[in-house]
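Chains as they are written, first to last, in the working numbering: chain A, 38 to 353; chain B, 38 to 353; chain C, 38 to 353. Think of the CB as a built atom: it goes at the ideal place given N, C-alpha and C, for glycine as much as any other residue.
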């Protein structure tokens, strides 16, 4: 069986159909309905790099559906430190599980693992590479708010250079015909080759350093963390980052149904004053990680999500 | 839904009713009966400070009832180190779970978490603050041995200054009309404000440095660990701590049904010779942590414990 | 109830009957069949020393059978560092679980734990002592390939001095009348007292430094890792270890049904070129750890494995 390594593994139709499944699974993810579609299945959680949010939401997704999880655990005390190759580790876990969720610091590691494994690999982030389950939950969140994916105006802001999340999402949004506005300090601009690739695929892309001037027209503002380590000195960092901190006071003229997203954890790029506004959607977005991953787990394991979950699930 | 942050969240009637539920759940906790009352529910284990016993017994409680658990994992590699606030971490886990068990080094953290969460928080210890699930299992153990909570004579011994366990328990025992004897080195005395507060609430309190002279009349002797770090020098420690080490030889004149308790882990404040006596109750007390937490999980999740568990559970 | 501390706890008849159970459970281990024989049971995983493969396969074994697992977690942050004795830790976990899988760096620790516990202990390796579940999965793998255990010619190669795996296996193979060839550098020879003990029990043992000259007659070649730390200097290591690295080119004249095993993780004692040959059996061997442990868990918990699992299990 084949897994999900990059968004290119899915057609637009498949994406939409998985988002439909995710929508149906909402009451199960919320713990309102018991629907053990994955009872008897085991997922291996192989996080070669820690990621609390991604690991926990994969684990919740599996358990909400009645499945179970085994964790590789701390890489620092695992067989990896005894010099075991990724190939051998995958061979082992392949024999213990039905599906593997994996994060790895090295780009390409997920594809390498898929080539070695019989079970499907769910890429939970491979270095500067891909993070397709994040993209799926982002798309779910956007569609949930706006009822559609096509023709939206999306501002992506902050660190566009190193953030695989915004790279993946930009490509996906382009496939659905969104207009993209990239707001970032010059140092952290979206890489030129990605911008030109997006344009080749028909995207309308605007690049700017002015975040606050970009949001009034937007349907979605997607914030990311600007890391101090990217800058040569503290002053430069403070000057740049300061212009990418969203506060409730910036939201006076935005569209009523504009949503603000963030892959989290945030540091101070979104001020707590924003939390109370109708625009804040980042905590729901984190929750949507569960439902998006539930739908993906079912799809990759060949389990059909029933059209009417209420008819098949038990009340809780 | 609201959680359990401090014992003040429960009336005496509620305490007794939860202890009744715990009593009923004993065969389930012992693995003699399968009763999946919490099937489909997920508990988040957020231990910002390690605690093997508390974490494992919360986890066992949930799993014995057919529920499942997701762990935050090692705080040193979690999103917390990326600068995430407790508020944001709780928002995340809130979306993944139905209830959260939490331990945190900072006093007040549990209440803060409850204010941020939709799901109930079970405070598993917040710094020098509260540890109500420990108090519940202590009360369960005492009632199990003596058939009642009121009118007992309870010696609390060792480190009474820093031990949140003995603070919480003293308040609870006062509510049930117990007589309290505080036996400790001067340096580790029960804080004066707690003593006067207990007296205001009607407690009879005696303070002494003489443990061995206090136990012959007692119904319960509750030992705690005296930590070397509390003392300025090694000699002072050795002199003080030596007078708070219980040995079987000290038990010649005690009441036949007196029980010795300890929150564990112990170091050498209870000699192994005591383990064989009829008075030792600390290992059962640790086991009672499971049953007390099972009852609390059911209560906070709104699940009724059946009056006759044998009629509803399956044999194992 | 009593556990499994050493292979001496099992008669030959019991070993064969457990291997029969393991055989029956293969479709459950593969995730093709759902058979929750251990629903409602909890295993404690007490790994006082990390072991990814052993821990994960114990966990998978329990979960494939519908049971659940609680982990002691990182020993460095557990109650063990607060000075808790093994006796007290076992008393605690004994109250939380139905069975305990345990690995400990100290020889004899598993027996000590069994003496302290009411629940059965499954020894997952105690220092230089025993590792019986590894031996069971090794025997299962050999019998699966050759249809029998008796009268086989088995080469054990590499570090025979420190490897508890090969010590345990040698004893077990002797009980079934196998012929043993020990191929190792002089420095890492099988201890003389073990060799003489095996001979007293009727084994035919040959000792040699020549691995490549030993394999053409063999039914099984069991490789182990040679650790650099065992040698005084790097040159000595390189010279010795180089003669215990199996490559596909060495397999030209071996028997068609000869199998190559390794407890894993390997470093470079088996070249990847071997993976593609019909002889490689180490990844299946790792998988067999699940099915062997499933059979042992059932046996120790007093749960009968049905003769026809297909009739009782649910399709997946």
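query: Short CB-CB distance (under 8 Å) between residue 139(C) and chain B; result: no
query: Interfacial residues, the region 301-314 of chain C to chain A, with Cβ spacing under 9 Å; result: 301, 302, 303, 304, 305, 309, 312
query: Inter-residue CB distance, residue 187(C) and residue 219(C) (contact presumed, cutoff 8 Å); result: That pair is no contact at about 19 Å.
query: Contacts that residue 79(B) makes with chain A (C-beta to C-beta distance below 8 Å); result: 68, 97, 100, 101
query: Within chain C, partners of residue 86(A) - CB distance below 9 Å; result: In chain order: nothing, as chain C lies at least about 16 Å away.
query: Identity of the residue in 351(C), 330(C), 352(C) nearest residue 80(C) by Cα; result: 330(C)
query: Neighbour list for residue 109(A) in chain C, Cβ cutoff strictly below 9 Å; result: 89, 93
query: Residue 279(C) burial status per 10 Å Cβ neighbour count (16 or more: buried); result: exposed
query: Local conformation of residue 52(B) per DSSP, three classes; result: helix
query: Between the CA atoms of residue 108(A) and residue 82(B) - distance to the nearest angstrom; result: 15 Å
query: Own chain residues within Cβ distance below 8 Å of residue 318(C), not counting five before or after; result: 178, 182, 296, 297, 298
query: Straight-line gap, residue 290(B) to residue 172(B) (C-alpha atoms, nearest Å); result: 28 Å
query: Residue 184(C) beta carbon less than 8 Å from that of residue 163(C); result: no
query: Beta-carbon separation (whole angstroms), residue 196(C) vs residue 262(C), contact threshold 8 Å; result: 6 Å
query: Contact set between residue 327(A) and chain B, taken where Cβ atoms lie within less than 8 Å; result: 132, 133
query: Any chain C beta carbon closer than 8 Å to residue 269(B); result: no
query: CB contact below 8 Å: residue 353(A) versus chain B; result: yes
query: Coarse secondary structure for residue 237(B), derived from DSSP in three states; result: helix
query: Cβ neighbours of residue 75(B) in the same chain (closer than 8 Å, five flanking residues each side left out); result: 99, 102, 103, 104, 334, 335, 338, 340
query: Three-way DSSP call (helix, strand, coil) for residue 198(A) in this model; result: coil
query: DSSP state of residue 80(C) mapped onto helix, strand, coil; result: strand
query: Whole-angstrom distance between residue 201(B) and residue 52(B), CA atom to CA atom; result: 19 Å
query: Interface positions of the region 157-184 of chain B facing chain C (Cβ-Cβ less than 7 Å), listed along the chain; result: none
query: Beta strand (DSSP E) runs contained entirely in the region 141-217 of chain C, provided each spans 3 or more residues; result: 158-163, 190-194
query: Interface partners of residue 120(A) on chain C, CB under 8 Å; result: 302, 304
query: Ranges of the beta strand (DSSP E) found wholly within the region 263-342 of chain A, counting only runs of at least 3; result: 296-298
query: Touching by the beta-carbon criterion (3+ pairs, under 8 Å), the region 321-328 of chain B and the region 127-140 of chain C; result: yes
query: Residue-level contact to chain B via CB, residue 152(C), 8 Å cutoff; result: no
query: Members of the region 47-75 of chain B that neighbour chain C once the beta carbon cut-off is set at 7 Å; result: 68, 71
query: Close-in-space but distant-in-sequence residues of the same chain around residue 232(A) (CB under 8 Å, 5 per side omitted); result: 219, 242, 244
query: Exposure of residue 303(A), with buried meaning 16 or more beta-carbon neighbours within 10 Å; result: buried
query: Residue 165(C) beta carbon near the ligand ATP (any heavy atom closer than 7 Å); result: This structure lacks the ligand ATP; in fact it carries no ligand of any kind.
query: Amino acids of chain A, ordered along the chain, whose beta-carbon sits closer than 7 Å to that of residue 290(B); result: Per Cβ cutoff of 7 Å: no residues; residue 290(B) is ~50 Å from chain A at best.
query: Sheet register partners of residue 242(A) (DSSP bridge); result: 217(A)
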